[in-house]
Amino acid sequence: MGNVLGVLDEVALAGADNALRLHQDNNNKGADVSGDLFLYQRISRRLLEQIHSGAWAVGDRLPSVRHLSKLFGVSVNTVMQCYRQLEADGYLEIRPQSGVFVRRADADGMPSPEDSRYPLLPVEVSLSEQVLRYMALHARNDVVRLGIALPGAEVLPVARVMSVLRDVTRRQPLEAWDYLHPNVHNPLSHQLARRSLAFEQPYAADDIIITNGCMEALTLALRSVSKPGDAIAVESPTYYGTLLLLEAHQRRVVEVPAHPEDGISLSALEQVFQQKRVAACMVATNAQNPLGFTMSAARKQALVALSARYGVPLIENDVWGDTVFNEGDGVPAKAWDSEGLVLYCNSFSKTLMPGLRLGWAVGGRFHRRLLELKQLSTITSPSLSQLAMGRMLESGAYSQHLRELRSALRSQVVAMTALIAAAFPAGTHISRPSGGCVLWLRLPPGVDGDTLFLEAERAGIHVFPGAVFSAMADYRNYLRINAGNPVSDSVRAAVVQLGHLATELAKG
(Lines of atoms letter the chains of each structure in order from A and count residues from 1; the text may use other names and numbers.)
(Lines give C-alpha, C1' and ligand atoms only; values in the text may rest on other atoms or scores of the structure.)
Protein backbone atom coordinates (compact mmCIF):
# COMPACT_ATOMS: atom_id res chain seq x y z
CA MET A 1 0.00 0.00 0.00
CA GLY A 2 2.69 2.48 0.98
CA ASN A 3 4.62 1.89 -2.26
CA VAL A 4 1.53 2.38 -4.37
CA LEU A 5 0.60 5.61 -2.63
CA GLY A 6 4.17 6.85 -2.68
CA VAL A 7 4.37 6.93 -6.47
CA LEU A 8 1.30 9.13 -6.91
CA ASP A 9 1.74 12.26 -8.97
CA GLU A 10 2.19 15.26 -6.71
CA VAL A 11 0.27 17.54 -9.06
CA ALA A 12 -3.40 17.41 -7.99
CA LEU A 13 -6.39 18.99 -9.69
CA ALA A 14 -6.39 22.69 -8.82
CA GLY A 15 -10.15 22.82 -8.37
CA ALA A 16 -10.16 19.91 -5.98
CA ASP A 17 -7.26 21.42 -4.05
CA ASN A 18 -9.07 24.72 -3.72
CA ALA A 19 -12.22 22.98 -2.53
CA LEU A 20 -10.29 21.09 0.11
CA ARG A 21 -8.36 24.13 1.22
CA LEU A 22 -11.51 26.24 1.45
CA HIS A 23 -13.23 23.51 3.44
CA GLN A 24 -10.22 23.31 5.75
CA ASP A 25 -10.12 27.08 6.22
CA ASN A 26 -13.84 27.21 7.02
CA ASN A 27 -13.43 24.52 9.63
CA ASN A 28 -10.48 26.31 11.17
CA LYS A 29 -12.43 29.56 11.59
CA GLY A 30 -14.70 28.16 14.29
CA ALA A 31 -14.59 25.68 17.09
CA ASP A 32 -13.21 22.25 16.38
CA VAL A 33 -16.47 20.41 15.74
CA SER A 34 -14.74 17.08 15.22
CA GLY A 35 -12.44 16.84 18.20
CA ASP A 36 -13.84 13.44 19.02
CA LEU A 37 -12.46 11.94 15.79
CA PHE A 38 -8.95 10.81 15.02
CA LEU A 39 -6.98 12.89 12.50
CA TYR A 40 -7.38 10.40 9.68
CA GLN A 41 -11.15 10.23 10.31
CA ARG A 42 -11.42 14.00 10.12
CA ILE A 43 -9.61 14.04 6.78
CA SER A 44 -11.77 11.15 5.56
CA ARG A 45 -14.91 13.06 6.43
CA ARG A 46 -13.73 16.13 4.53
CA LEU A 47 -12.89 14.04 1.50
CA LEU A 48 -16.31 12.38 1.65
CA GLU A 49 -18.05 15.76 1.83
CA GLN A 50 -16.23 16.80 -1.33
CA ILE A 51 -17.06 13.53 -3.10
CA HIS A 52 -20.74 13.78 -2.15
CA SER A 53 -20.87 17.43 -3.24
CA GLY A 54 -19.46 16.56 -6.67
CA ALA A 55 -16.01 18.14 -6.29
CA TRP A 56 -14.71 14.71 -7.35
CA ALA A 57 -16.75 12.46 -9.59
CA VAL A 58 -16.51 8.72 -10.00
CA GLY A 59 -13.25 8.01 -11.85
CA ASP A 60 -11.40 11.16 -10.76
CA ARG A 61 -7.90 10.76 -9.35
CA LEU A 62 -7.24 12.12 -5.88
CA PRO A 63 -4.15 14.11 -4.81
CA SER A 64 -1.01 12.30 -3.72
CA VAL A 65 -0.25 11.30 -0.17
CA ARG A 66 2.54 13.85 0.09
CA HIS A 67 0.30 16.59 -1.28
CA LEU A 68 -2.47 15.93 1.25
CA SER A 69 0.12 15.57 4.01
CA LYS A 70 1.33 19.10 3.28
CA LEU A 71 -2.20 20.46 2.75
CA PHE A 72 -3.54 19.26 6.10
CA GLY A 73 -0.31 19.51 8.06
CA VAL A 74 -0.28 15.85 9.03
CA SER A 75 2.09 12.95 8.54
CA VAL A 76 2.20 10.79 5.43
CA ASN A 77 1.16 7.82 7.56
CA THR A 78 -2.02 9.66 8.63
CA VAL A 79 -3.02 10.25 5.00
CA MET A 80 -2.19 6.63 4.15
CA GLN A 81 -4.47 5.51 6.97
CA CYS A 82 -7.22 7.76 5.62
CA TYR A 83 -6.93 6.30 2.12
CA ARG A 84 -6.85 2.76 3.47
CA GLN A 85 -10.07 3.36 5.40
CA LEU A 86 -11.86 4.93 2.42
CA GLU A 87 -10.74 2.05 0.22
CA ALA A 88 -12.02 -0.48 2.78
CA ASP A 89 -15.37 1.36 2.89
CA GLY A 90 -15.59 1.16 -0.90
CA TYR A 91 -15.22 4.86 -1.75
CA LEU A 92 -11.79 4.67 -3.39
CA GLU A 93 -9.94 2.36 -5.74
CA ILE A 94 -6.15 2.15 -5.47
CA ARG A 95 -4.58 1.22 -8.80
CA PRO A 96 -0.93 0.10 -8.75
CA GLN A 97 1.41 2.55 -10.49
CA SER A 98 -1.55 4.81 -11.32
CA GLY A 99 -2.95 6.38 -8.16
CA VAL A 100 -6.07 6.60 -6.05
CA PHE A 101 -9.42 7.05 -7.79
CA VAL A 102 -12.99 7.71 -6.69
CA ARG A 103 -15.37 4.85 -7.27
CA ARG A 104 -19.05 4.43 -6.53
CA ALA A 105 -19.18 3.29 -2.94
CA ASP A 106 -21.34 0.53 -1.57
CA ALA A 107 -22.51 3.01 1.06
CA ASP A 108 -23.16 5.77 -1.46
CA GLY A 109 -26.23 4.51 -3.21
CA MET A 110 -29.49 2.67 -2.76
CA PRO A 111 -29.79 -0.58 -4.75
CA SER A 112 -32.61 -0.94 -7.25
CA PRO A 113 -35.71 -2.81 -6.02
CA GLU A 114 -36.28 -6.45 -6.82
CA ASP A 115 -39.59 -6.28 -8.68
CA SER A 116 -40.37 -9.92 -7.94
CA ARG A 117 -40.78 -9.01 -4.26
CA TYR A 118 -43.87 -6.94 -5.07
CA PRO A 119 -47.00 -9.08 -5.69
CA LEU A 120 -48.96 -6.02 -6.94
CA LEU A 121 -52.02 -7.19 -5.01
CA PRO A 122 -54.25 -5.18 -2.62
CA VAL A 123 -53.43 -5.52 1.07
CA GLU A 124 -54.95 -4.07 4.22
CA VAL A 125 -53.10 -1.34 6.11
CA SER A 126 -52.58 -1.68 9.86
CA LEU A 127 -49.79 0.64 10.98
CA SER A 128 -51.39 3.32 13.15
CA GLU A 129 -50.28 1.94 16.51
CA GLN A 130 -46.69 1.49 15.34
CA VAL A 131 -46.45 4.95 13.81
CA LEU A 132 -47.96 6.67 16.84
CA ARG A 133 -45.43 4.89 19.04
CA TYR A 134 -42.56 6.02 16.84
CA MET A 135 -43.86 9.60 16.60
CA ALA A 136 -44.35 10.03 20.36
CA LEU A 137 -40.62 10.34 20.98
CA HIS A 138 -40.44 13.53 18.90
CA ALA A 139 -42.50 15.37 21.54
CA ARG A 140 -39.77 14.96 24.13
CA ASN A 141 -37.40 17.88 24.56
CA ASP A 142 -34.56 15.73 25.86
CA VAL A 143 -33.92 13.83 22.61
CA VAL A 144 -31.95 14.64 19.47
CA ARG A 145 -34.68 14.87 16.82
CA LEU A 146 -33.62 12.97 13.72
CA GLY A 147 -36.96 11.26 13.14
CA ILE A 148 -39.59 13.69 11.83
CA ALA A 149 -38.99 14.99 8.29
CA LEU A 150 -38.85 18.76 8.74
CA PRO A 151 -36.31 21.52 8.08
CA GLY A 152 -35.02 23.07 11.27
CA ALA A 153 -36.18 26.51 12.37
CA GLU A 154 -32.59 27.67 11.75
CA VAL A 155 -33.15 27.49 7.97
CA LEU A 156 -36.69 28.91 7.96
CA PRO A 157 -37.59 32.64 8.05
CA VAL A 158 -39.34 32.56 11.43
CA ALA A 159 -38.86 36.27 12.20
CA ARG A 160 -40.04 37.33 8.73
CA VAL A 161 -43.22 35.26 8.94
CA MET A 162 -44.01 36.58 12.42
CA SER A 163 -43.54 40.13 11.17
CA VAL A 164 -45.93 39.58 8.27
CA LEU A 165 -48.53 38.02 10.58
CA ARG A 166 -48.36 41.01 12.92
CA ASP A 167 -48.70 43.41 10.00
CA VAL A 168 -51.75 41.57 8.67
CA THR A 169 -53.52 41.73 12.04
CA ARG A 170 -52.78 45.44 12.21
CA ARG A 171 -53.76 46.38 8.65
CA GLN A 172 -56.50 43.83 7.90
CA PRO A 173 -58.08 42.99 11.28
CA LEU A 174 -61.60 42.31 9.98
CA GLU A 175 -60.42 40.11 7.10
CA ALA A 176 -58.22 38.13 9.50
CA TRP A 177 -61.12 37.81 11.97
CA ASP A 178 -63.75 36.63 9.48
CA TYR A 179 -64.12 33.47 7.38
CA LEU A 180 -62.31 33.51 4.05
CA HIS A 181 -64.57 31.17 2.13
CA PRO A 182 -63.05 28.99 -0.61
CA ASN A 183 -65.54 30.19 -3.23
CA VAL A 184 -64.79 33.92 -3.00
CA HIS A 185 -61.93 36.05 -4.30
CA ASN A 186 -58.73 35.08 -2.51
CA PRO A 187 -55.40 36.86 -3.19
CA LEU A 188 -53.51 33.70 -2.17
CA SER A 189 -55.25 31.61 -4.83
CA HIS A 190 -54.32 34.15 -7.49
CA GLN A 191 -50.67 34.10 -6.41
CA LEU A 192 -50.61 30.30 -6.45
CA ALA A 193 -52.17 30.20 -9.92
CA ARG A 194 -49.44 32.50 -11.25
CA ARG A 195 -46.85 29.91 -10.26
CA SER A 196 -48.31 27.58 -12.91
CA LEU A 197 -48.09 30.02 -15.83
CA ALA A 198 -45.11 28.21 -17.38
CA PHE A 199 -46.82 24.81 -17.15
CA GLU A 200 -47.99 23.16 -20.35
CA GLN A 201 -51.40 22.95 -18.63
CA PRO A 202 -51.63 25.90 -16.19
CA TYR A 203 -54.48 26.21 -13.72
CA ALA A 204 -56.55 29.24 -12.69
CA ALA A 205 -57.25 30.75 -9.29
CA ASP A 206 -60.77 29.30 -9.36
CA ASP A 207 -59.28 25.81 -9.71
CA ILE A 208 -57.54 26.08 -6.33
CA ILE A 209 -58.99 25.03 -2.98
CA ILE A 210 -57.13 26.20 0.14
CA THR A 211 -56.79 23.47 2.76
CA ASN A 212 -55.51 22.92 6.29
CA GLY A 213 -52.15 21.54 5.26
CA CYS A 214 -51.30 18.97 2.62
CA MET A 215 -52.85 16.11 4.58
CA GLU A 216 -56.32 17.62 4.29
CA ALA A 217 -55.74 18.14 0.57
CA LEU A 218 -54.79 14.47 0.21
CA THR A 219 -57.81 13.42 2.26
CA LEU A 220 -60.22 15.43 0.11
CA ALA A 221 -58.61 14.06 -3.05
CA LEU A 222 -58.81 10.48 -1.81
CA ARG A 223 -62.47 10.79 -0.84
CA SER A 224 -63.28 12.40 -4.19
CA VAL A 225 -62.04 9.52 -6.31
CA SER A 226 -62.56 6.40 -4.18
CA LYS A 227 -64.76 4.77 -1.56
CA PRO A 228 -64.12 2.49 1.45
CA GLY A 229 -62.85 -0.91 0.34
CA ASP A 230 -61.18 0.42 -2.81
CA ALA A 231 -57.48 -0.19 -3.42
CA ILE A 232 -55.03 2.64 -4.07
CA ALA A 233 -51.64 2.23 -5.76
CA VAL A 234 -48.66 3.79 -3.98
CA GLU A 235 -44.92 3.70 -4.59
CA SER A 236 -42.91 1.47 -2.28
CA PRO A 237 -41.44 2.59 0.02
CA THR A 238 -43.92 5.41 0.56
CA TYR A 239 -44.52 8.08 3.20
CA TYR A 240 -46.06 6.47 6.27
CA GLY A 241 -48.58 9.34 6.49
CA THR A 242 -50.01 8.18 3.16
CA LEU A 243 -50.49 4.69 4.58
CA LEU A 244 -52.11 6.06 7.75
CA LEU A 245 -54.50 8.11 5.63
CA LEU A 246 -55.50 5.05 3.63
CA GLU A 247 -55.93 3.00 6.80
CA ALA A 248 -58.11 5.66 8.45
CA HIS A 249 -60.39 5.79 5.40
CA GLN A 250 -60.55 2.01 4.97
CA ARG A 251 -58.71 1.82 1.67
CA ARG A 252 -56.43 -1.04 0.72
CA VAL A 253 -53.00 -0.62 -0.81
CA VAL A 254 -51.19 -1.96 -3.86
CA GLU A 255 -47.48 -1.30 -3.46
CA VAL A 256 -45.57 -0.62 -6.67
CA PRO A 257 -41.75 -0.72 -6.59
CA ALA A 258 -39.95 2.61 -6.85
CA HIS A 259 -36.44 3.06 -8.19
CA PRO A 260 -34.25 5.19 -5.90
CA GLU A 261 -33.49 7.64 -8.72
CA ASP A 262 -36.20 7.19 -11.37
CA GLY A 263 -39.27 6.85 -9.17
CA ILE A 264 -42.27 4.55 -9.41
CA SER A 265 -42.00 1.67 -11.89
CA LEU A 266 -44.21 2.67 -14.82
CA SER A 267 -44.27 -0.86 -16.24
CA ALA A 268 -45.45 -2.33 -12.93
CA LEU A 269 -47.98 0.48 -12.52
CA GLU A 270 -49.37 -0.15 -16.00
CA GLN A 271 -49.82 -3.80 -15.09
CA VAL A 272 -51.86 -2.73 -12.06
CA PHE A 273 -53.93 -0.32 -14.17
CA GLN A 274 -54.53 -2.95 -16.89
CA GLN A 275 -55.90 -5.41 -14.36
CA LYS A 276 -58.21 -2.74 -12.89
CA ARG A 277 -56.95 -3.36 -9.37
CA VAL A 278 -57.02 0.23 -8.11
CA ALA A 279 -59.36 3.21 -8.01
CA ALA A 280 -56.50 5.73 -7.97
CA CYS A 281 -52.77 6.14 -7.54
CA MET A 282 -51.09 8.30 -4.89
CA VAL A 283 -47.57 9.37 -5.87
CA ALA A 284 -44.86 11.92 -5.18
CA THR A 285 -42.83 12.88 -8.23
CA ASN A 286 -40.52 15.43 -6.58
CA ALA A 287 -38.09 14.77 -3.69
CA GLN A 288 -40.17 11.76 -2.64
CA ASN A 289 -40.21 10.81 1.03
CA PRO A 290 -38.33 8.63 1.97
CA LEU A 291 -36.25 7.82 -1.15
CA GLY A 292 -35.67 11.44 -2.21
CA PHE A 293 -35.93 10.85 -5.97
CA THR A 294 -37.27 13.38 -8.46
CA MET A 295 -38.74 11.89 -11.60
CA SER A 296 -37.51 13.29 -14.89
CA ALA A 297 -39.84 15.45 -16.97
CA ALA A 298 -40.17 12.62 -19.50
CA ARG A 299 -41.19 10.11 -16.83
CA LYS A 300 -43.67 12.57 -15.30
CA GLN A 301 -45.27 13.02 -18.70
CA ALA A 302 -45.35 9.25 -19.19
CA LEU A 303 -47.00 8.85 -15.78
CA VAL A 304 -49.72 11.37 -16.69
CA ALA A 305 -50.21 9.68 -20.07
CA LEU A 306 -50.58 6.31 -18.32
CA SER A 307 -53.25 7.79 -16.06
CA ALA A 308 -55.13 9.17 -19.05
CA ARG A 309 -54.86 5.93 -21.05
CA TYR A 310 -56.52 3.86 -18.34
CA GLY A 311 -58.68 6.58 -16.79
CA VAL A 312 -57.10 6.14 -13.33
CA PRO A 313 -56.83 9.36 -11.28
CA LEU A 314 -53.44 10.41 -9.91
CA ILE A 315 -53.22 12.07 -6.50
CA GLU A 316 -49.91 13.95 -6.57
CA ASN A 317 -48.33 14.80 -3.21
CA ASP A 318 -45.91 17.63 -4.02
CA VAL A 319 -45.22 18.81 -0.47
CA TRP A 320 -41.44 18.64 -1.06
CA GLY A 321 -41.54 19.97 -4.63
CA ASP A 322 -40.28 23.46 -3.75
CA THR A 323 -37.17 21.97 -2.12
CA VAL A 324 -35.83 20.17 -5.22
CA PHE A 325 -32.21 21.27 -5.31
CA ASN A 326 -32.19 21.97 -9.06
CA GLU A 327 -35.15 24.32 -9.29
CA GLY A 328 -36.00 23.53 -12.90
CA ASP A 329 -36.40 19.83 -12.11
CA GLY A 330 -39.25 20.39 -9.64
CA VAL A 331 -42.10 20.88 -12.12
CA PRO A 332 -44.97 18.62 -10.96
CA ALA A 333 -46.69 15.98 -13.07
CA LYS A 334 -49.78 18.20 -12.89
CA ALA A 335 -48.08 20.52 -15.39
CA TRP A 336 -48.88 18.04 -18.20
CA ASP A 337 -52.42 17.14 -17.09
CA SER A 338 -54.69 17.87 -20.06
CA GLU A 339 -57.43 15.45 -18.96
CA GLY A 340 -57.96 16.79 -15.43
CA LEU A 341 -57.13 13.42 -13.89
CA VAL A 342 -54.29 14.67 -11.67
CA LEU A 343 -55.39 15.90 -8.24
CA TYR A 344 -52.53 18.10 -7.10
CA CYS A 345 -51.80 18.54 -3.37
CA ASN A 346 -49.23 20.80 -1.72
CA SER A 347 -48.59 22.95 1.37
CA PHE A 348 -46.16 25.37 2.99
CA SER A 349 -45.61 23.17 6.05
CA LYS A 350 -42.22 21.85 4.92
CA THR A 351 -40.90 24.99 3.28
CA LEU A 352 -42.02 27.87 5.47
CA MET A 353 -43.88 27.20 8.71
CA PRO A 354 -45.60 23.98 9.82
CA GLY A 355 -47.78 25.89 12.28
CA LEU A 356 -49.51 27.81 9.48
CA ARG A 357 -51.35 24.58 8.55
CA LEU A 358 -51.80 25.98 5.06
CA GLY A 359 -52.06 23.84 1.96
CA TRP A 360 -53.96 23.70 -1.30
CA ALA A 361 -55.41 21.33 -3.85
CA VAL A 362 -56.12 21.52 -7.57
CA GLY A 363 -58.77 18.93 -8.29
CA GLY A 364 -59.06 19.03 -12.09
CA ARG A 365 -62.28 17.35 -13.18
CA PHE A 366 -62.96 16.48 -9.52
CA HIS A 367 -62.91 20.11 -8.35
CA ARG A 368 -66.61 20.36 -7.50
CA ARG A 369 -66.51 17.22 -5.35
CA LEU A 370 -63.39 18.44 -3.50
CA LEU A 371 -65.09 21.77 -2.82
CA GLU A 372 -68.21 20.07 -1.45
CA LEU A 373 -66.16 17.86 0.86
CA LYS A 374 -64.13 20.83 2.07
CA GLN A 375 -67.20 22.87 2.94
CA LEU A 376 -68.84 19.89 4.65
CA SER A 377 -65.80 19.18 6.81
CA THR A 378 -63.73 22.22 7.83
CA ILE A 379 -65.71 24.85 5.85
CA THR A 380 -62.63 27.01 5.27
CA SER A 381 -59.01 27.45 6.31
CA PRO A 382 -57.54 30.07 8.70
CA SER A 383 -57.88 33.53 7.20
CA LEU A 384 -54.80 34.96 8.91
CA SER A 385 -52.54 32.29 7.41
CA GLN A 386 -53.96 32.86 3.92
CA LEU A 387 -53.59 36.63 4.06
CA ALA A 388 -50.02 36.40 5.33
CA MET A 389 -49.00 33.83 2.74
CA GLY A 390 -50.53 35.87 -0.04
CA ARG A 391 -48.29 38.75 0.98
CA MET A 392 -45.19 36.53 1.15
CA LEU A 393 -45.82 35.36 -2.40
CA GLU A 394 -46.73 38.79 -3.79
CA SER A 395 -43.64 40.49 -2.35
CA GLY A 396 -41.25 37.86 -3.70
CA ALA A 397 -40.09 37.01 -0.16
CA TYR A 398 -41.11 33.38 -0.53
CA SER A 399 -39.18 32.92 -3.78
CA GLN A 400 -36.08 34.44 -2.24
CA HIS A 401 -36.45 32.20 0.81
CA LEU A 402 -36.75 29.10 -1.38
CA ARG A 403 -33.42 29.82 -3.05
CA GLU A 404 -31.76 30.05 0.34
CA LEU A 405 -33.60 26.99 1.67
CA ARG A 406 -32.57 24.78 -1.25
CA SER A 407 -28.94 25.74 -0.78
CA ALA A 408 -29.07 25.13 2.97
CA LEU A 409 -30.80 21.76 2.66
CA ARG A 410 -28.40 20.59 -0.04
CA SER A 411 -25.44 21.46 2.20
CA GLN A 412 -27.00 19.76 5.21
CA VAL A 413 -27.78 16.61 3.24
CA VAL A 414 -24.19 16.44 1.99
CA ALA A 415 -22.78 16.96 5.48
CA MET A 416 -25.11 14.41 7.06
CA THR A 417 -24.40 11.86 4.32
CA ALA A 418 -20.67 12.15 4.90
CA LEU A 419 -21.14 11.90 8.64
CA ILE A 420 -23.31 8.77 8.35
CA ALA A 421 -20.94 7.15 5.87
CA ALA A 422 -18.03 7.65 8.28
CA ALA A 423 -19.95 6.54 11.39
CA PHE A 424 -22.05 3.58 10.25
CA PRO A 425 -20.77 0.05 9.65
CA ALA A 426 -19.66 -1.29 6.28
CA GLY A 427 -22.54 -2.49 4.15
CA THR A 428 -24.72 0.55 4.88
CA HIS A 429 -26.39 2.03 1.80
CA ILE A 430 -27.46 5.69 1.76
CA SER A 431 -29.92 7.35 -0.61
CA ARG A 432 -28.91 10.31 -2.78
CA PRO A 433 -31.88 12.68 -2.43
CA SER A 434 -32.53 15.30 -5.10
CA GLY A 435 -34.39 17.53 -2.64
CA GLY A 436 -36.03 17.54 0.75
CA CYS A 437 -34.11 16.70 3.89
CA VAL A 438 -34.36 12.96 4.57
CA LEU A 439 -31.86 10.16 4.09
CA TRP A 440 -33.01 6.57 3.58
CA LEU A 441 -30.57 4.00 4.90
CA ARG A 442 -30.42 0.31 4.17
CA LEU A 443 -28.66 -1.21 7.15
CA PRO A 444 -26.21 -4.12 6.99
CA PRO A 445 -27.52 -7.69 7.33
CA GLY A 446 -28.59 -8.47 10.86
CA VAL A 447 -29.42 -4.88 11.82
CA ASP A 448 -33.16 -4.46 12.43
CA GLY A 449 -34.54 -0.92 12.19
CA ASP A 450 -36.98 -1.38 15.05
CA THR A 451 -34.27 -2.74 17.32
CA LEU A 452 -32.02 0.19 16.41
CA PHE A 453 -34.91 2.57 17.15
CA LEU A 454 -35.23 1.14 20.66
CA GLU A 455 -31.48 1.32 21.27
CA ALA A 456 -31.45 4.90 19.97
CA GLU A 457 -34.40 5.80 22.18
CA ARG A 458 -32.44 4.68 25.24
CA ALA A 459 -29.59 6.89 24.08
CA GLY A 460 -31.89 9.92 23.68
CA ILE A 461 -31.99 9.88 19.86
CA HIS A 462 -35.15 9.83 17.71
CA VAL A 463 -35.07 8.14 14.30
CA PHE A 464 -37.75 6.42 12.19
CA PRO A 465 -37.61 2.67 11.43
CA GLY A 466 -38.21 1.65 7.83
CA ALA A 467 -40.94 -0.96 8.41
CA VAL A 468 -43.74 1.65 8.59
CA PHE A 469 -42.99 2.87 5.06
CA SER A 470 -44.71 -0.24 3.72
CA ALA A 471 -48.02 -1.92 4.49
CA MET A 472 -46.35 -5.29 3.90
CA ALA A 473 -43.84 -4.82 6.75
CA ASP A 474 -40.96 -4.61 4.28
CA TYR A 475 -37.89 -2.47 4.92
CA ARG A 476 -37.27 -3.83 8.41
CA ASN A 477 -33.55 -3.31 7.88
CA TYR A 478 -34.03 0.31 6.81
CA LEU A 479 -33.94 3.60 8.67
CA ARG A 480 -34.98 7.16 7.80
CA ILE A 481 -32.92 10.02 9.20
CA ASN A 482 -33.84 13.71 9.00
CA ALA A 483 -31.09 16.01 7.70
CA GLY A 484 -33.19 19.15 8.05
CA ASN A 485 -31.17 20.56 10.94
CA PRO A 486 -27.67 22.03 10.65
CA VAL A 487 -25.02 19.52 11.73
CA SER A 488 -24.44 20.79 15.26
CA ASP A 489 -22.26 19.17 17.91
CA SER A 490 -25.30 17.37 19.35
CA VAL A 491 -26.38 16.08 15.92
CA ARG A 492 -22.85 14.92 15.16
CA ALA A 493 -22.56 13.11 18.49
CA ALA A 494 -25.97 11.49 17.93
CA VAL A 495 -25.02 10.16 14.49
CA VAL A 496 -21.71 8.82 15.80
CA GLN A 497 -23.64 7.10 18.62
CA LEU A 498 -26.16 5.69 16.12
CA GLY A 499 -23.32 4.34 14.03
CA HIS A 500 -21.82 2.70 17.10
CA LEU A 501 -25.18 1.11 17.99
CA ALA A 502 -25.63 -0.16 14.41
CA THR A 503 -22.09 -1.56 14.41
CA GLU A 504 -22.75 -3.46 17.62
CA LEU A 505 -26.01 -4.89 16.23
CA ALA A 506 -24.23 -5.91 13.02
CA LYS A 507 -21.75 -7.92 15.08
CA GLY A 508 -24.67 -9.96 16.37
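Numbering (my numbering), first residue to last: 8 to 515. Yeah, the Cβ is synthetic: ideal placement off N, Cα and C, and Gly gets one too.
Relative to the Cα of Y47, the nearest Cα in the group V81, F355 and V369 belongs to V81. Under DSSP, F471 shares a beta bridge with R487.
In the structure shown, N84 adopts helical secondary structure according to DSSP, grouped into three states. By the neighbour-count definition (other C-beta atoms within 10 Å, threshold 16), P451 is a buried residue. Residue V151 holds the alpha-carbon nearest to the alpha-carbon of S497 among L55, L78 and V151. For W447, the CB contacts under 6 Å within the same chain, skipping 5 residues up- and downstream, are P297, L298, S438 and R487 in chain order. Residue nearest to M117 within the set D149, N492 and N484 is N484 (criterion: CA-CA distance). When C-alpha distances from L363 are compared across V165, L128 and K77, the shortest belongs to V165.
Distances from the alpha-carbon of L153 to those of R499, S495 and N489 put N489 closest.
Nearest in C-alpha terms to I217, of all of H374, A433, L321 and C288, is H374. For E100, there is no enclosing alpha helix (DSSP H); the enclosing beta strand (DSSP E) covers residues L99 to R102. With respect to V107, Y98 sits apart: the two C-beta atoms are not nearer than 8 Å. The way I'd put it, the region 286-305 does touch the region 234-254; three or more beta-carbon pairs between them come closer than 8 Å. Distance from the CA atom of V86 to the CA atom of V503, rounded to whole angstroms, is 22 Å. Burial check for D214: the Cβ neighbour count within 10 Å reaches 16 or more, so the residue is buried.
A direct Cα-to-Cα measurement between E131 and V261 gives close to 9 Å. As computed with DSSP, P264 is found in a beta bridge with S243.
Considered as a whole, the region 102-151 harbours 135-143 as its complete alpha helix (DSSP H) runs of no fewer than 4 residues, in chain order. Within 10 angstroms of the beta-carbon of W63 lie 16 or more other beta-carbons, which makes it buried. Boundaries cannot be given for C444, as no alpha helix (DSSP H) includes it and DSSP labels it neither H nor E. Per DSSP, reduced to three states, the secondary structure at V175 is helical. Beta-carbon to beta-carbon, E464 and A342 are separated by about 42 Å, too far to satisfy the 8 Å threshold. When the five nearest sequence neighbours on each side are left out, the beta carbons in the same chain lying within less than 8 Å of the beta carbon of I50 are those of L75, F79, V81, T85, V86 and C89, in order along the chain. Per the Cβ contact rule, the region 379-391 is not in contact with the region 341-356 (fewer than 3 Cβ pairs under 8 Å). Its chain contains G491 and N492 as the residues whose beta carbon lies nearer than 6 Å to that of G159, once the 5 sequence neighbours on both sides are disregarded; these appear in chain order. When C-beta atoms of the region 459-475 are compared with those of the region 136-148, three or more pairs fall below 8 Å, so the two segments count as touching.
With fewer than 16 other Cβ atoms inside 10 Å of its own Cβ, L461 counts as exposed. With a contact defined as Cβ atoms closer than 8 Å, A183 and S390 qualify at about 5 Å.
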